[in-house]
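K.L.:
So the sequences go chain by chain: A and B. Residues 1 to 69 in this note's numbering are what the first sequence spells out, letter by letter. Residues 1001 to 1293 in this note's numbering are what the second sequence spells out, letter by letter.
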Amino acid sequence: MTTDLAIRHKDVALLELLDRVLDKGVVVTGDLTISVANIDLIYVGLRVLLCSVEKMHQMQYMTNQPKDR
Amino acid sequence: MSEQSTAPFIPPQADEQHDSDESICLYAILPAGLLALMPLAGIDADRPVYILESSHLQAVVSRVRAARFDLPALEAGLSNPDWLETHVRAHQQVLDSLVATGQPVLPMRFCTLYRDEAAVQSILSAHAEPMRVELDRLGGKQEWGVKLFVHGKMLRATILSPDGSSGDWAQNDEIMALQTKIDGLSAGAAFLFKKKLAAAVDERAEELAFSIALRSHERLSSCAAEAVTNALYKGKDLPQMFLNAAYLVVEAESAAFFESLGQMDQLYSAAGVRYEVSGPWPAYNFIQLQLDD
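Quick look at the structure:
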């Protein structure tokens, strides 16, 4: 996973989808066998992918909403 | 606890039994009620999506073969871009079909698996009230994503030589003064002033892009019940992104939302500003669910 990202236009749509379904979908614990959120290593890897995109371009006066719910 | 049911179009196979080699993938939770689902495969392409009903809620699920979605398989899959894209799109296809019904939807995270249907039923009953309340709150609303891009070259060109219709707001006094000054000089004498002008134009372009993005967000927010901004992406073959936002819009008010968007698009497009809209999404960016575990 490189931090040197060249995101092409079609990938913006995929990133947008990943942001929603990987980071913002609801997780209800219970008799949960597997949740993506529990797979720390891989999830952290993907978060690194998304985060390095974020850090590359951050607007000063636009605040990010907290992602943890 | 009510009986489990399968989607109307897919009759259960006679020999289909609960298989301990299979888990249940949960896609979304909706209010109880009649839900006509198109036949759809879930993230395991050989297993159809169906509905589990409880007294106030229904869960949209599919079976998945555990071997394909157990921990090692997921670890491998999540780091494989092709696997990830294929399966995430399959997941989202299910969500899209639910959004199309017009019912409020609580979207689950990708690949949320449970041991069996009883496990899903138990969370439906354990959390019935907060889920019902949240679904009620989200009813009649849709999430739309809006991104704003700026083509720098076009914006700088607009600043330098504004035409009457769109460019008057783009210039500033410093730039106008520099242009006038340069007009009256020879190439050699003008050299340093041209550098000054380029820098002034770059600065003005940045200032304008931020300002247009902020104004766009404020205007769209006023047409929405809720709004949130997210991090920007930087792209190689992309014009620069200045806004990445999500809006929760009351369906009955979406005409006004898109009207505002259309007006701003008309106002700014000649200056290189592009709006990109995605949706309708389930309200991923606006879920407020307090669950006591």
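Here a beta-carbon is modelled for each residue, glycine too, at the ideal position from N, C-alpha and C. All of these numbers come straight from a predicted model, not from anything done at the bench.
Hey, out of L1074/B, V1273/B and W1144/B, whose CA is closest to T1112/B's CA?
P.N.:
Its Cα nearest to that of T1112/B, the residue L1074/B stands out among L1074/B, V1273/B and W1144/B.
K.L.:
Does the distance from the CB of Y1294/B to the CB of L1267/B come in under 8 Å?
P.N.:
Chain B is shown only over 1001 to 1293; residue 1294/B falls outside these bounds and no answer can be derived.
K.L.:
Shortest alpha-carbon distance to N1285/B belongs to which of A1041/B, V1060/B, P1107/B and A1045/B?
P.N.:
P1107/B
K.L.:
If we count the other Cβ atoms within 10 Å of its Cβ and call it buried at 16 or more, is Y61/A buried or exposed?
P.N.:
With a pLDDT of only 29 at Y61/A, under 50, the local geometry of the prediction cannot be trusted, and no value is derived from it.
K.L.:
Below 7 Å CB to CB, which residues in the same chain sit around K1141/B once its five sequence neighbours on both sides are set aside?
P.N.:
Result list for K1141/B: A1225, L1248, V1249, V1250, E1251 and A1283, in chain order.
K.L.:
Distance cutoff 8 Å, beta carbons only. Does S1216/B sit that close to anything in chain A?
P.N.:
no
K.L.:
Since V1133/B and Q1240/B should fall inside the 8 Å C-beta cutoff, what is the C-beta to C-beta distance between them, to a whole number of angstroms?
P.N.:
Wrong, their Cβ atoms sit about 41 Å apart, outside the cutoff.
K.L.:
Rank K1194/B, R1204/B and L1052/B by C-alpha distance to the C-alpha of Y1114/B and give the top, closest one.
P.N.:
L1052/B
K.L.:
So, at 7 Å on beta carbons, what are the nonlocal neighbours of E1022/B in its own chain, with the 5 sequence-adjacent residues on each side left out?
P.N.:
R1063, V1064, R1065 and A1066
K.L.:
Rounded to the nearest angstrom, what separates L1243/B and A1189/B at their Cα positions?
P.N.:
40 Å
K.L.:
I'd like to know whether the C-beta atoms of Y1275/B and L15/A end up nearer to each other than 8 Å.
P.N.:
no
K.L.:
On the criterion of 16 or more Cβ atoms from any shown chain inside 10 Å, does K1147/B qualify as buried, or is it exposed?
P.N.:
buried
K.L.:
What residues of chain A sit near M1154/B, judged by a beta carbon separation below 9 Å?
P.N.:
In chain order: nothing, as chain A lies at least about 17 Å away.
K.L.:
Which residues in the same chain as G1272/B place their Cβ atom closer than 6 Å to its Cβ, once the five residues preceding and following it in sequence are excluded?
P.N.:
V1150, H1151, M1154 and L1155
K.L.:
According to DSSP, what are the bridge partners of P1048/B?
P.N.:
BP columns for P1048/B point to A1041/B.
K.L.:
Ordered along the chain, which non-local residues of its own chain (more than five positions away) have a Cβ less than 7 Å from that of L46/A?
P.N.:
Since pLDDT at L46/A reaches only 48, below the 50 mark, its modelled position is unreliable, and the value read off the structure follows with that caveat. Around L46/A: L22.
K.L.:
Quick check on DSSP: helix, strand or coil for Y1284/B?
P.N.:
helix
K.L.:
Within the same chain, show all residues whose beta-carbon is closer than 6 Å to that of A1256/B, passing over the 5 residues directly before and after it, in chain order.
P.N.:
For A1256/B, where only same-chain residues beyond five positions count, the Cβ hits under 6 Å are C1223.
K.L.:
Examine chain A for any beta-carbon lying closer than 8 Å to the beta-carbon of L1083/B, and answer yes or no.
P.N.:
Checking the displayed sequence, the identity of residue 1083/B turns out to be Trp instead of Leu. Not closer than 8 Å to any Cβ of chain A, the Cβ of W1083/B fails to qualify, so no.
K.L.:
Using alpha carbons as the reference points, say which of L1160/B, S1079/B and A1118/B lies closest to L1197/B.
P.N.:
L1160/B
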